[in-house]
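Quick note: the sequence shown uses this note's numbering, first residue 1, plus one each step. In this text, a Cβ means the ideal position worked out from N, Cα and C, and glycines have one as well. Input: a single structure, listed below in structure tokens.
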Amino acid sequence: MDHKEVIFLLLLFLNSGQGDSLDGYVNTQGASLFSLTKKQLGAGSAADCAAKCEAETDFVCRAFQYHSKEQQCVIMAENRKSASVIRMRDVVLYEKQVYLLECKIGNGRSYRGTMSKTKTGITCQKWSATVPHRPKYTPDKYPEEGLEENYCRNPDNDEQGPWCYTMDPNERYGYCDTPECEDECMHCSGENYVGKISTTKSGLACQAWDSQSPHTHGYIPSKFPSKNLKMNYCRNPDGEPQPWCFTTDPNKRWEYCDIPRCTTPPPPPGPTYQCLKERGENYRGTVSVTVSGNTCQRWSEQSPHEHNRTPENFPCKDLTENYCRNPDGETAPWCYTTNSKVRWEYCKIPSCQSSASDLELSDALASPELTPVVQECYQGNGQSYRGTSSTTITGKRCQFWSSMTPHRHVKTPENFPDADLRMNYCRNPDADKGPWCYTTDPSVRWEYCNLKRCSEAETSPTESSPVAQGPGLQATPAPDCMFGNGKEYRGKKATTVTGTPCQGWAAQEPHRHSIFTPETNPRAGLERNYCRNPDGDVNGPWCYTMNPRKLFDYCDVPLCESPSTSFDCGKPQVEPKKCPGRVVGGCVANPHSWPWQISLRTRFGQHFCGGTLISPEWVLTAAHCLERSSRPSSYKVVLGAHQEVNVEADAQVIEVARLFSEPTRADIALLKLARPAKITNKVIPACLPSANYVVADRTLCYITGWGETKGTYGAGQLKEAQLPVIENKVCNRRDYLNGRVRSTELCAGHLAGGVDSCQGDSGGPLVCFEKDKYILQGVTSWGLGCARPNKPGVYVRVSRYVSWIEEIMRNN
């Protein structure tokens with residue numbers, strides 16, 4: 001585990017909990033402190049290590065890092081504020097939150113931040129100093145009060161909060177301007193509230209964010225790592241006037257919480273602009289006309305449109321006059337209009353002069369789905385890889401190399417000009433074992449990328465262990481390659497990625513270990529010194545090494561290839577365009593890049609609906625597409641086509657044998673084909689989601705079809721469009737679909753309009769990219785017109801019907 005770089009991590013605010021010894025810590029995977037004051041200790045768990053940190057008396061323990069394979073922890077006097085940080089494998093850094101916070105709870109008796117000036121700007125005197133003032137409170141007399149350096153503290157429990165002795169001989173002490181933590185109160189609209197209130201205004205208990213019962217929802221904690229969606233605490237992830245939660249009452253989906261406002265001024269908002277930068281949330285100009293020329297309604301007025309985007313509800317958003325603003329995280333500044341027939345519209349704000357890096361970032365925000373589905377590979381250790389993959393091995397999105405959020409680092413394009421650190425593409429600037437990137441998850445600093453090594457060497461079946469035999473089967477050698485993370489790998493590779501021989505799992509030299517042995521893990525295949533993955537490490541098989549200075553390292557086990565004669569679901573053989581264009585308003589697809597798209601036609605060959613191939617014999621479509629006839633012979637399916645009319649010669653035309661409508665009258669139906677489709681590089685099924693899976697809010701998905709184009713380019717050719725999923729809670733707002741969307745449906749679309757499914761697209765797929773494949777999440781169902789502003793399209797939520805789909809396919 002080599003130290004890779006020296007960096008400082010950004011502050012990650014997590015709430016301190018109760019009962020769990022780790023609740024008071026902020027943890028970051030893959031990060032290690034470069035500490036001078038530390039102790040290395042044995043520990044069976046991270047909780048064990050936390051106990052040792054709390055019990056330390058030689059120094060104040062502010063952080064520790066836990067190494068799971070070594071069963072060791074390092075407790076340290078430093079944290080990210082005072083020590084450098086490195087990228088490291090197999091380690092989790094835990095830092096005491098109290099030493100990271102720069103805000104006070106209550107009167108600030110527990111404040112341990114680094115503020116060192118009074119409200120009037122006078123520098124604080126060190127607590128251990130006697131000049132210019134002889135202090136009453138000193139570190140030796142009050143060792144529990146954190147009287148370090150010259151930091152503001154409150155050793156006497158003063159009601160006015162933290163203070164310090166000053167360096168001004170004429171002013172003995174002064175109070176510090178320490179802001180309140182949003183723990184017991186909220187600033188602004190509670191966007192940063194991290195307290196523990198978990199009941200609504202009417203007294204209903206909140207539903208846990210990681211639960212989908214009684215209410216399914218798209219605010220999934222793992223997809224919104226910066227929103228602090230912990231437990232069932234009230235939060236504000238979507239730009240509401242105040243924190244809220246889903247409730248445990250099946251009859252009340254969500255409700256606001258009663259969070260008091262903080263009494264101190266809110267933190268400064270940061271730089272503001274008179275022009276458009278990114279989403280325009282800090283735009284403070286005076287444009288007051290919408291894109292179509294409507295005059296804006298004053299934010300403080302309720303006519304002609306009633307609303308809750310008022311200056312009182314959004315006190316930090318400068319909702320003055322009728323100026324265009326973005327108080328709730330929309331894609332651009334907007335306003336309610338004085339036109340009674342047009343409730344709200346976006347405004348046309350002149351763009352700020354952008355630097356090259358700003359342009360690169362804004363381009364990526366416009367089209368964040370960059371990872372190719374036709375999986376690329378890398379040679380050697382991937383230092384020469386120059387592809388566009390930007391997803392990690394666990395499906396996380398990569399952080400931009402030029403960005404310092406959420407992770408500060410020195411792996412920048414300027415510092416590594418030869419490493420091609422463009423955008424957020426996976427790279428290997430430091431000669432690691434393979435391409436990697438920093439992640440957009442604040443709690444996971446970095447991960448290897450979801451890439452495979454190119455087939456540089458043939459697998460060696462003669463060196464493989466036999467697979468288990470079943471009745472009547474001959475023993476066949478297992479190829480020396482792995483599936484997934486290699487937890488089931490039983491090959492005979494016994495050297496690390498650097499060529500170092502592996503130590504035997506039963507041996508205790510040169511490294512003593514106790515947790516991963518043949519006795520403690522009898523089912524993990526810990527034979528001899530073969531590479532294995534007994535702990536399910538996402539980075540794959542590993543071993544303890546014969547290098548006394550290197551406890552363990554990973555092994556270079558290639559991924560097993562799928563048989564060349566078959567194709568995985570959800571993986572087209574032609575890379576889709578994934579155009580972010582504003583099907584209506586999309587772009588013409590690359591031919592055969594969405595190989596599950598089918599054309600549902602009359603018996604005479606006229607296209608009227610779309611559908612999705614989900615297995616060689618089965619197609620999923622909308623039930624309303626079958627209203628014209630209940631006879632299967634009335635329909636036929638065309639697969640592998642790009643042109644609607646002049647269908648390609650190798651397209652497959654198959655009759656429909658049976659029709660199955662969903663029994664509760666949901667707008668979803670199954671078609672059984674008269675014969676199985678031939679799976680080719682132009683005809684491949686989409687993957688079904690897991691049952692009851694909920695697509696996270698703002699996930700970018702794709703619709704395809706030959707439907708009405710409203711005069712836009714591409715009529716007669718398969719079109720595609722990229723659309724963000726809109727959480728039902730938002731979609732059902734009065735401004736949008738006003739409560740019409742059911743829990744068995746999902747919304748997707750641009751609220752500005754201009755992109756949507758339309759007539760002829762019904763029954764077609766809405767697919768979402770997950771890690772390395774496209775998954776069918778929606779069936780095009782209905783909408784209020786096509787591509788109208790504030791009227792996103794509605795799709796049947798496929799995951800709610802997976803059990804029915806599988807039952808029909810199994811029994812028929």
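Three-way DSSP call (helix, strand, coil) for residue i in this model
| i | result |
| --- | --- |
| Asn811 | helix |
| Ile805 | helix |
| Glu240 | coil |
| Val798 | helix |
| Glu745 | strand |
| Pro792 | coil |
| Pro724 | strand |
| Lys277 | coil |
| Gln474 | At Gln474, the pLDDT of 33 sits below 50, so the modelled position is not reliable; the number obtained from the coordinates is stated separately. Coil at Gln474, not helix or strand. |
| Ser202 | coil |
| Tyr165 | strand |
| Tyr99 | helix |
| Lys317 | coil |
| Glu345 | strand |
| Ser222 | helix |
| Lys227 | helix |
| Glu360 | At Glu360 the pLDDT is 45, less than 50, meaning the model places this residue with poor confidence; the figure from the coordinates comes in the next sentence. Correct three-state label for Glu360: helix. |
| Pro461 | Residue placement at Pro461 is flagged as unreliable, the pLDDT there being 37, under the threshold of 50; a coordinate-derived value is accordingly withheld. |
| Glu180 | strand |
Beta strand (DSSP E) segment containing residue i, residue limits
| i | result |
| --- | --- |
| Val131 | Note, Val131: premise wrong, no beta strand (DSSP E); not H, not E. |
| Glu821 | Only positions 1 to 812 of the chain appear in this structure, which leaves residue 821 out of reach. |
| Trp542 | Trp542 to Tyr544 |
| Val92 | Ser84 to Lys96 |
| Asp761 | Note, Asp761: premise wrong, no beta strand (DSSP E); not H, not E. |
| Gln40 | Lys38 to Gly42 |
| Cys701 | Leu700 to Gly705 |
| Trp127 | Segment: none, Trp127 is in no beta strand (DSSP E) and carries neither H nor E. |
| Trp334 | Trp334 to Tyr336 |
Residue of the options minimising C-alpha distance to residue i
| i | options | result |
| --- | --- | --- |
| Cys188 | Tyr165, Pro267, Val92 and Lys201 | Pro267 |
| Gly763 | Thr272, Thr28 and Phe608 | Phe608 |
| Thr520 | Asp535, Pro214 and Leu22 | Asp535 |
| Val557 | Val497, Lys39 and Gly586 | Val497 |
| Tyr94 | Thr114, Lys52 and Phe59 | Lys52 |
| Pro541 | Cys560, Lys571 and Met482 | Met482 |
| His750 | Gln777, Val574, Lys348 and Pro792 | Pro792 |
| His305 | Gln383, Val796 and Val342 | Val342 |
| Ile197 | Pro214, Asn170, Met231 and His217 | Met231 |
| Ala666 | Arg797, Asn547 and Arg658 | Arg797 |
| Lys719 | Ile703, Lys433, Leu673 and Cys347 | Ile703 |
| Ala377 | Thr272, Trp706, Ser351 and Lys452 | In the sequence on display, residue 377 carries Cys and not Ala. That would be Lys452, whose Cα lies nearest to the Cα of Cys377. |
| Glu148 | Cys124, Thr371 and Pro132 | Cys124 |
Opening and closing residue of the alpha helix (DSSP H) in which residue i lies
| i | result |
| --- | --- |
| Cys731 | Asn728 to Cys731 |
| Ala46 | Ala46 to Ala55 |
Residue(s) in a DSSP beta bridge with residue i
| i | result |
| --- | --- |
| Ala677 | Ala677 is not bridged to any residue. |
| Tyr438 | Trp446 |
| His67 | Gln72 |
| Val656 | Leu673 |
| Met423 | Looking at the DSSP assignment, Met423 forms no beta bridge with any residue, so it has no partner. |
| Gln29 | Val92 and Val444 |
| Phe814 | What the structure shows of the chain is the stretch from 1 to 812, and residue 814 is not part of that stretch, so it cannot be assessed. |
| Trp782 | Val794 |
| Val289 | Thr295 |
| Gly382 | BP columns for Gly382 are empty, so no partner. |
| Phe34 | Ser84 |
| Tyr173 | Tyr165 |
| Met404 | DSSP lists no partner for Met404. |
| Ser661 | Ala669 |
| Met482 | Leu559 |
TODO: Starting from the N-terminal side, write out each stretch of the beta strand (DSSP E) that is 3 residues or longer and does not extend beyond the segment 577-653.
DONE: Counting whole runs of 3 or more residues, the segment 577-653 contains the beta strand (DSSP E) stretches 597-602, 607-615, 618-621 and 635-639.
Open item on the list: Please give me, in chain order, every unbroken run of the beta strand (DSSP E) with length at least 3 that falls completely inside the segment 499-570.
Closed with: Here the runs fully enclosed are 542-544 and 552-554.
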